[in-house]
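K.L.:
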Amino acid sequence: MNFMDNEQHWIWTSDWTDSDKHLPRLVNFRRVLELENIVNSVIKITADSRYKLFVNGSLVEVGPCKGDQQVWYFDKIDITKFLKPGKNVLAVSVLRYPQEQSLGNYSVFRTEYPGLYAECQITTKDSPQTVHTQTLVTDEQWKCAVNREFNIVSESDDFAPLKIYEQDSGDPALKGWKTTNFDDQAWPSALPYARHAISRQVSPGNLLPRPIPFLYRTAHNFEKVVQVKSGHNTSTSWQQLLTAEKPVTVAPHSKAVVEISAGEETTGYLYLNLLQGKSSHVRLLQSEAYVQDEMTSTNGMPIPVKKDRCDNVKGHLDGFTDNYTVAGYGDAERPEQFSPFWFRTFRFIRLEITTKDDPLTITKFNYEKTGYPINVTTAVQTSDKSLAAIWDISERTLKRCMHETYEDCPFYEQIQYAMDSRAQILYTYATSGDDRLARKCMDDLKRSQRYDGLLNCSAPNYTSNVIPTFSIYYILMVQDHMMYFGDQELVKKHLPTIVRILNFFDQHLTAEGYVDKIGGLNIVDRFWSFTDWTPEWNATSGVPAATLHGPITSESLVYLMGLQAAYKLAQYLDSADLANALLNRITALKHAITSHCIGKNGMVQDGPGVENYSQQNQVFGILTGVLNTSAGHRILRQTIEEKADYAQCSVAMSFYLYRALQKVHLYEYTNYFWNIWRRMVKTNCSTCIEAEAGDRSECHGWGAVILYELPAVTLGVTPTKPGYQEFTIDPEVGYLDWARGHVTTPLGRVDVAWKKEQKHIAIQAKVPKAMTLKLPKNQHFTYSIAYV
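Counting from 1, one number per residue, gives the positions in the sequence shown under the UniProt record's numbering.
1) Could you say which of V89, N37, D293 lies nearest to Q129 if we only look at CA atoms?
2) Taking Cβ to Cβ, would you say L241 is nearer than 7 Å to P335?
3) Where does N456 fall in DSSP's three states?
4) Check the DSSP bridge columns for F346 and list the partner residues they point to.
5) What residues are listed by DSSP as bridge partners for W754?
6) Please go through the same chain and pick out, in chain order, the residues whose beta-carbon is closer than 7 Å to the beta-carbon of W754, but skip the five residues on each side of it.
7) Where does P608 fall in DSSP's three states?
8) Go through the segment 207-253 residue by residue and report every complete run of the beta strand (DSSP E) that reaches 3 residues or more, in order.
9) Which residue marks the beginning of the alpha helix (DSSP H) containing E294, and which one marks its end?
10) Does the segment 607-622 touch the segment 658-671, meaning 3 or more C-beta pairs lie closer than 8 Å?
11) Residues in its own chain within less than 7 Å of K493 by CB, not counting five upstream and five downstream?
12) Sort out for me which residues DSSP pairs F781 with in a bridge.
13) Look at T355 and P252 and say whether their C-beta atoms are less than 7 Å apart.
14) What number of angstroms, rounded off, separates the C-alpha of residue 823 from the C-alpha of R347?
15) Who are the near neighbours of F182 in its chain, counting only those whose CB is closer than 7 Å to its CB and skipping five residues on each side?
16) Ignoring anything shorter than 4 residues, give me the alpha helix (DSSP H) runs that lie fully in the segment 477-513, in order along the chain.
17) Out of curiosity, what's the CA-to-CA distance linking V681 and S556?
18) Per DSSP, what kind of secondary structure is N6 in: helix, strand or coil?
19) Kindly indicate which residue of A244, D444, V226 has the alpha-carbon position closest to the one of H220.
20) What number of angstroms, rounded off, separates the C-alpha of D577 from the C-alpha of K306?
21) Beta carbon of S697, beta carbon of C409: below 7 Å?
22) Under the three-state reduction of DSSP, which class applies to M1: helix, strand or coil?
23) For the alpha helix (DSSP H) holding I164, just list the boundary residues, first then last.
24) The alpha helix (DSSP H) spanning M442 covers which residue range?
25) Rounding to the nearest angstrom, what Cα-Cα distance links S58 and A91 in this structure?
26) Return the CA-CA distance between Y484 and A592, expressed in angstroms with no decimal places.
27) Determine the burial state of S614: buried for a count of at least 16 other Cβ atoms within 10 Å of its Cβ, exposed for fewer.
28) Give me the DSSP bridge partner(s) of A145.
29) Which residue marks the beginning of the beta strand (DSSP E) containing A47, and which one marks its end?
30) Could you please give the first and the last residue of the uninterrupted alpha helix (DSSP H) stretch that includes F620?
31) Below 7 Å CB to CB, which residues in the same chain sit around D532 once its five sequence neighbours on both sides are set aside?
32) Counting only the same chain and skipping the five closest in sequence on each side, list residues whose C-beta sits under 6 Å from that of A47.
33) With distances taken from CA atoms, which of A423, S448, V499 is nearest A438?
34) Compare the C-alpha of R749 against each of P711, P304, H132, S156 and name the closest.
35) Leaving aside the five residues before and after N2 along the sequence, list all residues of the same chain whose C-beta is less than 6 Å from its C-beta, in chain order.
36) Taking only the alpha-carbon atoms, compute the straight-line gap between V491 and L445 and give it to the nearest angstrom.
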């Protein structure tokens, strides 16, 4: 055997030009096979960059799961139910992104070699006693064709991390290409790569199995027509198209514009079926909300002002668009279909159709909702009825920000940031007990570690982007997982990465012992020292203005949080030497902060010796113990009641603000802060916004904070020892009169109900017998516990 010529079952098209290498391209592959007496069939498949697998015209799966420069995943899929006796066809669309970072999706990696890899095991029963297994691989027997009518357009001239929106034209030559009766004789045979030609990263021996479940896909109709903007078709006729698939025909030389609602923000694959209408133009605008004509900005990006998200009278839809030129080959038996490759995020759709000489008939317009299959089983009710609606939009927010990774937002970026994800992971634990996507998140971030010890602020990410403190949030993720799941092997795997992160900060201390200036303004400085999206810091892109004068205290405080978390991890692993070393660093850093970063008023300064003060730094001061409970109580209340004098925590920092309120016994103030979410509900948000000051994103994962607050704080169900080996029921009553519900934990369901009575809080609970409950010493609590 000639080793250098041994094929690896990666294929591509021979029709690949130099210009193709520098553009996002769609390449279609087909393989016809005859089968009888099928027992079962499983396919192993991956692609560079993304694939959609169809069997006999049905969409089976989408992949591969997002990897990075070190890991490439394959999918293993049972396709038995899609096969039939006789002629079958496997059809695969591969979206290839070029290697240039600016021309592709930021969170989708690609190698220097585009390709498709498949290995399909097919078992048939030749007789009652004879079972035969054959292996079908990607080789020259596959046919392929480049679809050069397909083009990806940038969603923005500024920051455009998605690169998923399409400018397409239908091609009559592709009619029915996913089906068995398509004639592919004109298609060239696929070109197999030789062993030496393929990247080691994606060689079969280096492919890893998908670490998370497949995303769900469920068919949905749009809820309603909002308004018909132009055209002769009535709102009723459009509504019947959406709900009953009664065709709508747009006359020749006319324009129809209709705005449609899905009822809530969702993520899904769009399907538009068309008959005739040659050369008609279809434009699909996807939008999160109706917006106003006025503009504002966030982080230097212009964004429209939003009020009532459903106000189609004073507002207009704003968003991203797909464009399609109709080929006109669609008929009743096989309509022409426009279905963008990537899932879309939308609450509203504006469908614009401009016809030429022929009428265009739309026979179907619907979508398949998709997302990570989280099963939210925790439920909580309280005396504050307004919290139910907040829970509803928050649960939806978390779900829409979970696909192959956690995402900051599904509409604009779909990027897994460490700070955002740490909170989202806790929301996931508290509502479902599911850690599968969390494990992948930690692994993704771990593999992004740089030469200096810092992590990329997001991963997977095709480009370098560092926010130093975001590396600390990864450490907090590992600590959180320890407390909920108690997996020592996971902690051992991540601990070396954690030590390197902490060493970066240790190597960047001033002579006084606090963290030096390691970052600053976005784009301007080496690293971005993002802290929070508060209006007072808009001019400095979310960084305390103290950065203009030198170091900022928040980086010392967050580093201190990381040291404290790592200390607990070291203790958990019985690493005494490391724990002692970390304890010494904790003591020294805390002393440096209290000596150089506390003003005469006792508050934490935004920068050492800088007389600027913010709520954020008081929060971090409380959480790290730099401010004791008494001082923290006084100071945090001051920042709330005299808010004009202090930068306030935005939605981004709400989780940490609530932790500080809890720690210094000010949790009743959550009633005031829930007003942020009550305003979201009042303005008809269906998900949690990114920030009130510059609400670019309508769906931002960090805002779903109530999913943690109600089960873990209001009901008080939290682990007190790693792996939930011991837990407590210690409710924060706050301003509420009663609360009840059930909380999903990794070890079982815990039911809690409490009510304020004259002189005490009466608490009833049902606890699995296998769980160890440690009750707090609180003279105001009376417990009635049933072990079940």
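Every residue gets a Cβ at the ideal spot worked out from N, C-alpha and C, and that includes glycine.
P.N.:
Reading it off the structure:
1) N37
2) no
3) coil
4) T266
5) A739, I763
6) P731, W738, A739, I761, A762, I763
7) coil
8) 207-209, 216-220, 224-230, 248-250
9) Unbroken run through E294: none, as it is neither H nor E.
10) yes
11) none
12) I761
13) yes
14) Lying before the first or after the last residue shown, residue 823 is absent from the chain, which here runs from 1 to 788.
15) G176
16) 488-506
17) 36 Å
18) For N6, the predicted model reports a pLDDT of 47, less than 50, meaning its position is unreliable and no value from the coordinates is stated.
19) A244
20) 54 Å
21) yes
22) Only weak support is given to the placement of M1: the predicted model assigns it a pLDDT of 30, under 50, and the value that follows is read from those uncertain coordinates. Three-state result, M1: coil.
23) It is not in any alpha helix (DSSP H) - I164 carries neither H nor E in the DSSP assignment.
24) 436-446
25) 9 Å
26) 33 Å
27) buried
28) N28
29) 38-48
30) 615-624
31) G542, Q616, C649, S650, A652, M653
32) V94, L116
33) A423
34) P711
35) Below a pLDDT of 50, predicted positions are generally treated as unreliable, and N2, at 38, falls in that range; the measurement from the model is reported next regardless. Around N2: no qualifying Cβ.
36) 14 Å
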